[in-house]
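In terms of UniProt numbering, the numbers along the sequence shown are unbroken and rise by one, the last being 443.
Note that the Cβ used here is the ideal one computed from N, Cα and C, for glycine as well.
Since the structure is predicted, the reported quantities are computational estimates derived from the model, not experimental observations.
Below: the structure, in structure tokens.
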Amino acid sequence: MKWRKASGVLCDAKVPIKLKGKFYRTAIRPAILYGTECWAVKSQHENKVGVAEMRMLRWMCGKTRQDKIRNEAIRERVGVAPIVEKMVENRLRWFGHVERRPVDSVVRRVDQMERRQTIRGRGRPKKTIREVIKKDLELNDLDRSMMGDVAKDLAAGTVGGAAQLICGHPFDTIKVKLQSQPAPLPGQLPKYSGAFDAVKQTIAAEGARGLYKGMGAPLATVAAFNAVLFTVRGQMETLVRSNPGSPLTVDQQFVCGAGAGVAVSILACPTELIKCRLQAQSALAGSETATVAVKYGGPMDVARHVLRSEGGVRGLFKGLVPTMGREIPGNAIMFGVYEALKQKFAGGTDTSGLSRGSLIVAGGLAGASFWFLVYPTDVIKSVIQVDDHRNPKFSGSFDAFRKIRATEGFKGLYKGFGPAMARSVPANAACFLAYEMTRSALG
1 MKWRKASGVL
11 CDAKVPIKLK
21 GKFYRTAIRP
31 AILYGTECWA
41 VKSQHENKVG
51 VAEMRMLRWM
61 CGKTRQDKIR
71 NEAIRERVGV
81 APIVEKMVEN
91 RLRWFGHVER
101 RPVDSVVRRV
111 DQMERRQTIR
121 GRGRPKKTIR
131 EVIKKDLELN
141 DLDRSMMGDV
151 AKDLAAGTVG
161 GAAQLICGHP
171 FDTIKVKLQS
181 QPAPLPGQLP
191 KYSGAFDAVK
201 QTIAAEGARG
211 LYKGMGAPLA
221 TVAAFNAVLF
231 TVRGQMETLV
241 RSNPGSPLTV
251 DQQFVCGAGA
261 GVAVSILACP
271 TELIKCRLQA
281 QSALAGSETA
291 TVAVKYGGPM
301 DVARHVLRSE
311 GGVRGLFKGL
321 VPTMGREIPG
331 NAIMFGVYEA
341 LKQKFAGGTD
351 TSGLSRGSLI
361 VAGGLAGASF
371 WFLVYPTDVI
381 KSVIQVDDHR
391 NPKFSGSFDA
401 FRKIRATEGF
411 KGLYKGFGPA
421 MARSVPANAA
431 CFLAYEMTRS
441 ALG
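Here it is, written out as structure tokens:
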């Protein structure tokens, strides 16, 4: 884009300030920042760029220095951050990208530059990119090793999630069948008298594969789900940690778990909806809702049906409130209990030397505490997500709670509690063990 056209947009009084700010962020600032992520600019150059940027922003607002308006007020009005901060941000982002590449990659050459002893020409920076980034890291209280932590958390979380899914999905299938079966009419028996009866009927009707029905959706997203969970938790640890490298307290782990629960709820809701509908359709087929129950061929069939006939993308997030009510407190208590048990087994805050057996016990009990705390919320989530869209029984989470309590008592909020607890111990033990071992192997 020619500068004359750009300046015409910025000085046009008819163009709103917010629109000018967007134009500046998307067109002009990237041009100013071009190459600064791997070019060791001097402080003098940064100051000049900052002054030029401020003049431009004042010009956009139709102001001059004689108007005696503070720079912060101008920036807030336009809605842009200082250009110098963006330069630092770009350098750190580039550095993190380089650190995650193989050592023999071409992009690592800039990172491996050595400062030459020869005299530099005029105008060239006297610092190398290594020295500039080192200063950026010190200013932001960061460490070189932290740049690779995200990738390690992603990999370890993916392995842990796969282990959890393989161990726990059959238990989860029985749990959802018990949760979603409708209340029997007076004088009639429920379709499943208990967990073992649900297992027998499922195997008799669908074979052993029936216990793994609905596994496609969580299998496709298990990497993203656990990667988000453990990565956000890792970044939360960085934020709440008082000193770099210091161990976190149990209270801080509660906070990190809650933060991870917020992030993972957005991904968990559509995945849980697809999984629950596939798992519950056989339980609904023999009930009074058989006329409205939809037979799905697989996860993609569920997604297509919801997008087509239940309000588009919004339909996939049906039950988001109870999902967040499950994930936020559940992950807070799970990670808090996990850290507390590890510290108790280790006899202190250094838990790096724990055996696999201790990690299995800590992970299993942490998972059990998750479900023990939030199980009624999970029941409400399941019945809302499998509820018929055309003839809904429940108008919301509180309505579902009231109706379940009125028809089945508080016992109805704990349908499938046995399979859930039986699943939580081995599945979460496998998840945490796989995560810790992978994270340890990655360094």
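What number of angstroms, rounded off, separates the C-alpha of residue i from the C-alpha of residue j?
{"i": "Ala52", "j": "Gly234", "result": "38 Å"}
{"i": "Thr323", "j": "Val361", "result": "27 Å"}
{"i": "Gly62", "j": "Asn47", "result": "23 Å"}
{"i": "Phe432", "j": "Gly160", "result": "6 Å"}
{"i": "Val15", "j": "Ile166", "result": "57 Å"}
{"i": "Ala163", "j": "Leu33", "result": "44 Å"}
{"i": "Lys18", "j": "Cys11", "result": "13 Å"}
{"i": "Ala208", "j": "Leu267", "result": "28 Å"}
{"i": "Leu139", "j": "Ser358", "result": "39 Å"}
{"i": "Leu442", "j": "Leu154", "result": "11 Å"}
{"i": "Ala340", "j": "Glu310", "result": "44 Å"}
{"i": "Phe398", "j": "Gly347", "result": "44 Å"}
{"i": "Gln343", "j": "Gln252", "result": "14 Å"}
{"i": "Ile410", "j": "Phe401", "result": "For the sequence presented, residue 410 should be read as Phe rather than Ile. One C-alpha to the other measures close to 9 Å."}
{"i": "Gly194", "j": "Gly418", "result": "9 Å"}
{"i": "Gly261", "j": "Arg91", "result": "30 Å"}
{"i": "Glu37", "j": "Arg93", "result": "8 Å"}
{"i": "Arg304", "j": "Glu206", "result": "24 Å"}
{"i": "Lys191", "j": "Leu239", "result": "50 Å"}
{"i": "Ile203", "j": "Ala422", "result": "19 Å"}
{"i": "Trp371", "j": "Leu178", "result": "16 Å"}
{"i": "Leu373", "j": "Tyr338", "result": "14 Å"}
{"i": "Asp136", "j": "Arg65", "result": "30 Å"}
When burial is assigned at 16 or more other CB atoms within 10 Å of the CB, is residue i buried or exposed?
{"i": "Glu436", "result": "buried"}
{"i": "residue 445", "result": "Residue numbering for the chain in the displayed model covers 1 to 443; residue 445 lies beyond these limits and cannot be assessed."}
{"i": "Ile328", "result": "buried"}
{"i": "Ile333", "result": "buried"}
{"i": "Ile133", "result": "buried"}
{"i": "Lys381", "result": "buried"}
{"i": "Met60", "result": "buried"}
{"i": "Val313", "result": "exposed"}
{"i": "Arg115", "result": "Bear in mind that the predicted position of Arg115 carries a pLDDT of just 43, short of 50, making it unreliable; the figure below should be weighed with that in mind. Exposed."}
{"i": "Lys393", "result": "exposed"}
{"i": "Lys200", "result": "exposed"}
{"i": "Arg439", "result": "buried"}
{"i": "Lys308", "result": "Sequence check: residue 308 is Arg here, not Lys. So Arg308 ends up on the exposed side."}
{"i": "Asn428", "result": "buried"}
{"i": "Phe254", "result": "buried"}
{"i": "Glu76", "result": "exposed"}
{"i": "Ser265", "result": "buried"}
{"i": "Ala366", "result": "buried"}
Consult DSSP for residue i and reduce its assignment to one of helix, strand or coil.
{"i": "Ser369", "result": "helix"}
{"i": "Glu237", "result": "helix"}
{"i": "Arg308", "result": "helix"}
{"i": "Lys403", "result": "helix"}
{"i": "Ser246", "result": "coil"}
{"i": "Gln279", "result": "helix"}
{"i": "Ala430", "result": "helix"}
{"i": "His389", "result": "coil"}
{"i": "Thr410", "result": "Going by the sequence as given, residue 410 is Phe instead of Thr. Note: Phe410 maps to helix in three-state DSSP."}
{"i": "Ile32", "result": "helix"}
{"i": "Tyr296", "result": "coil"}
{"i": "Ser193", "result": "coil"}
{"i": "Arg209", "result": "helix"}
{"i": "Arg326", "result": "helix"}
{"i": "Ile174", "result": "helix"}
{"i": "Gly319", "result": "coil"}
{"i": "Asp136", "result": "helix"}
{"i": "residue 521", "result": "Within the shown structure, residues of the chain are numbered from 1 to 443, placing residue 521 beyond reach of any answer."}
{"i": "Lys18", "result": "helix"}
{"i": "Thr351", "result": "coil"}
{"i": "Thr377", "result": "helix"}
Measuring CA to CA, which of the options is closest to residue i?
{"i": "Phe225", "options": "Lys135, Pro186, Cys269", "result": "Cys269"}
{"i": "Gln385", "options": "Gln253, Glu272, Ala195, Ala260", "result": "Glu272"}
{"i": "Arg58", "options": "Asp136, Pro30, Lys20", "result": "Lys20"}
{"i": "Pro170", "options": "Ala258, Thr438, Ala434, Gly416", "result": "Gly416"}
{"i": "Arg405", "options": "Pro419, Val379, Asn428", "result": "Val379"}
{"i": "Leu413", "options": "Arg55, Gln181, Gly157", "result": "Gln181"}
{"i": "Gly396", "options": "Val222, Thr64, Glu72, Val383", "result": "Val383"}
{"i": "Lys175", "options": "Val425, Ala429, Ala427, Ala420", "result": "Ala420"}
{"i": "Trp39", "options": "Cys276, Val78, Ala434, Val88", "result": "Val88"}
{"i": "Thr26", "options": "Val80, Met300, Gln279, Met56", "result": "Val80"}
{"i": "Lys22", "options": "Val78, Ile69, Asp67", "result": "Val78"}
{"i": "Lys213", "options": "Pro190, Pro299, Val306", "result": "Pro299"}
{"i": "Gly257", "options": "Asn331, Trp371, Phe345", "result": "Asn331"}
{"i": "residue 444", "options": "Lys86, Ala13, Asp388", "result": "The structure shown does not extend to residue 444, since the chain spans only 1 to 443, so no value can be given for it."}
{"i": "Ile28", "options": "Asn71, Arg65, Lys86", "result": "Lys86"}
{"i": "Ala430", "options": "Gly168, Arg65, Thr407", "result": "Gly168"}
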